[in-house]
Amino acid sequence: MGRVSTCTELIVWNGEQPIYPTAHIIAWQGTLTPRQQKASNELTASNSKRIPHLIHAVCGSGKTEILFEPIHKLLTEGKRVCIAAPRVDVILELEPRLRAAFPQTAIDALYGGAETTMQSAQLILATTHQLYRFHHAFDAIFVDEADAFPYTAEETLRRAVRKAAKPGAPVHFVTATPSDKLLADIKKTGQVSTINHRYHGHPLPIPRYDALWNYAKHIQKGKLPKKLANWTEERLCRKEPFLIFFHHIVLMEQAEPLFKKLDARIHAVHASHPDRKEHVQALRNKEVPGLLTTTILERGITIPNVQVAVVGSEQLIFNKGALIQIGGRVGRSVQHPTGDFVLFHHGITYAMDEAKNEIIQLNKGGVRS
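Position one of the sequence shown corresponds to residue 80 (my numbering), numbered consecutively onward.
Have a look at this one:
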C-alpha cells in the first residue's frame, strides 16, 4: 500500500458483492494419511459450524495438503477464501502448490513487490500485511505459521485479519509451534487437530550440539572456525544443499566472503536483501550449493535433502519455537527423510534443551499442550 498517513484518503468498495463460480477441481493426486484425513475432515466440520480451528502439526507433516479438501468445499459453495502468512517466503512457497492443486480457480498472490492482476480472485494468498486492503471480504481465512513474527508482535495485523473476514466467518490457524495463548484461545471457542508425525512416517531430526567457542571473534578476524568450515566442505563434497543460520546480519555478512572462498556460489540472504527471492529460488533449482541466512528462512521453505546448521544457537533469537522450525527444514521429503541438524554454540541454553526435548517427545508420539 506504500506510505499511509492520517491525511491519506482510503476508499472502500461499496458496490455489489461479486458472484464466484462453483465449478472447481483438485488436481493434486496424492493421498492423505489417516491422521491427515482426520484433521482435514475436522477442519471441514469447523467451516460448516463457522468456528475457528487450529491445525497443530509438526514440520513436514503435510499441513498444506490437509487444507486442500476444506478449501475445495468452500470454493464449490461459491465462497471466497484467503490463506495468509506473516512471511513472504511462505507465500512464495505456497503459490505454485496452490495453483497446481486448483488449476481452474482464480488465484492471486499479494505481497510486497508482487504483480497483481487487480481482479477479484476467489482464492487469495497474501502476507498478513496485505489484509489491510480488505474489509469483510472472505468467508474463511487460514493463517499459516500463525506464531511467526511480526504477526505475533503486532495487534494491528491480528486486527487486520479479523477485519478482512466477513462477520461470523471463521479464522483458522496452521502451525507446528503454536503459542500457549493461541492453544488456549482456540480450545475455548473452536477445535484443535493435532498431528505429531510426518506424513512419510520418519521421525523429526533431533538436533546435535557442537561447541564453537568464540566463533564471532574468529569471523571478525577474517577466519572461518574450523568446525564450521569442515561441516560446509563436507556438504559441498557430498553435494548436499545446506542452510546456515546466523543470529545477526552483520556477522553473517562478515562471514559471507569467507564461505565464498570455499565456493563462490554461496550467498547470504536476509529480510531486506534485494536478491533474496532470486537466491532462494536458485537454491531450489540446485544452482547454488547453500545459503547463509537469518531466521527469515526458519519456515516457508522446502528443499529436498537440505542440511541445516545454526551458528550461535545460544543467542536469544533462537528460542524453542525458532529452533524447532529451523530443524523442521531437514528430512521433509520421502526420498531424503533424514539429515544433519547441528547447533554450533558458545554455551548450551534452556531453549536449546527445550527444543530438543520437545522434538524427542513428539517422536515418541506425545504432544505437550
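All residues carry an ideal CB built from backbone N, CA and C; glycine is no exception.
Beta-carbon gap between residue i and residue j smaller than 8 angstroms
i      : j      : result
Arg287 : Phe423 : no
Gly410 : Gly109 : no
Thr231 : His135 : no
Asp223 : Arg159 : no
Ala401 : Thr374 : yes
His276 : Val367 : no
Gly191 : Val167 : yes
Val387 : Arg408 : yes
Asn383 : His358 : Reading the sequence as shown, one finds Pro at residue 383 and not Asn. For Pro383 and His358, no; Cβs fall outside 8 angstroms.
Leu371 : Ala350 : no
Thr101 : Glu148 : no
Ala164 : Thr206 : yes
Pro246 : Ser125 : no
Leu283 : Gly406 : yes
Ile162 : Ile285 : no
Leu236 : His208 : yes
Lys142 : Thr123 : no
Tyr278 : Thr87  : no
Three-state secondary structure (DSSP) of residue i
i      : result
Cys138 : coil
Phe338 : helix
Leu236 : helix
Val446 : For Val446, the pLDDT reaches just 47, beneath the cut-off of 50, and the residue's location in the model is therefore unreliable, leaving the point undetermined.
Ile104 : coil
Thr123 : helix
Gln440 : helix
Asp419 : coil
Ile162 : strand
His425 : coil
Ala430 : helix
Gln386 : strand
Leu89  : coil
Ala193 : coil
Ile203 : strand
Ala185 : coil
Thr372 : strand
Leu133 : strand
Tyr99  : coil
Glu148 : helix
Gln116 : helix
Lys302 : coil
Gly406 : helix
Gly391 : coil
Thr143 : helix
Thr155 : helix
Arg212 : helix
Nearest-angstrom Cα separation, counted from residue j out to residue i
i      : j      : result
Arg378 : Gly391 : 18 angstroms
Arg114 : Trp107 : 18 angstroms
Lys318 : Leu303 : 20 angstroms
Arg238 : Gly426 : 39 angstroms
Gly94  : Ser119 : 35 angstroms
Glu332 : Ile380 : 21 angstroms
Val91  : Tyr211 : 11 angstroms
Gln96  : Thr184 : 18 angstroms
Ile220 : Ala343 : 43 angstroms
Glu234 : Ala244 : 16 angstroms
Ser272 : His132 : 8 angstroms
Val413 : Lys435 : 23 angstroms
Ile104 : Ile274 : 26 angstroms
Glu433 : Lys306 : 24 angstroms
Thr268 : His215 : 21 angstroms
Ser448 : Ile145 : Residue placement at Ser448 is flagged as unreliable, the pLDDT there being 37, under the threshold of 50; the coordinate-derived value follows with that caveat. Ser448 and Ile145: Cα-Cα distance of roughly 21 angstroms.
Asp354 : Phe397 : 24 angstroms
Gln440 : Ser199 : 45 angstroms
Ile130 : Ala263 : 15 angstroms
Leu395 : Leu189 : 32 angstroms
Ala290 : Phe338 : 19 angstroms
Val446 : Glu121 : Because Val446 sits at a pLDDT of 47, beneath the cut-off of 50, its placement in the model cannot be relied upon, and the point is left open.
His297 : Phe324 : 17 angstroms
Leu322 : Phe213 : 36 angstroms
Ala430 : Leu315 : 30 angstroms
Thr85  : Gln299 : 45 angstroms
Phe252 : Gln270 : 10 angstroms
Lys266 : Trp292 : 44 angstroms
Beta-carbon separation (whole angstroms), residue i vs residue j, contact threshold 8 angstroms
i      : j      : result
Ala225 : Pro257 : 7 angstroms
Leu173 : Ile186 : Not a contact, Cβ separation roughly 10 angstroms.
Gly369 : Pro320 : 6 angstroms
Leu341 : Ala308 : 7 angstroms
Leu154 : Leu202 : 7 angstroms
Thr428 : Glu393 : 5 angstroms
Practice prompt. Counting only runs of 3+ residues fully inside the stretch 310-369, write out the beta strand (DSSP E) ranges in chain order.
Written response: 321-325 and 346-348
Practice prompt. Quick one: which unbroken alpha helix (DSSP H) runs of 4-plus residues sit fully inside the stretch 215-289? Chain order, please.
Written response: 234-243 and 259-268
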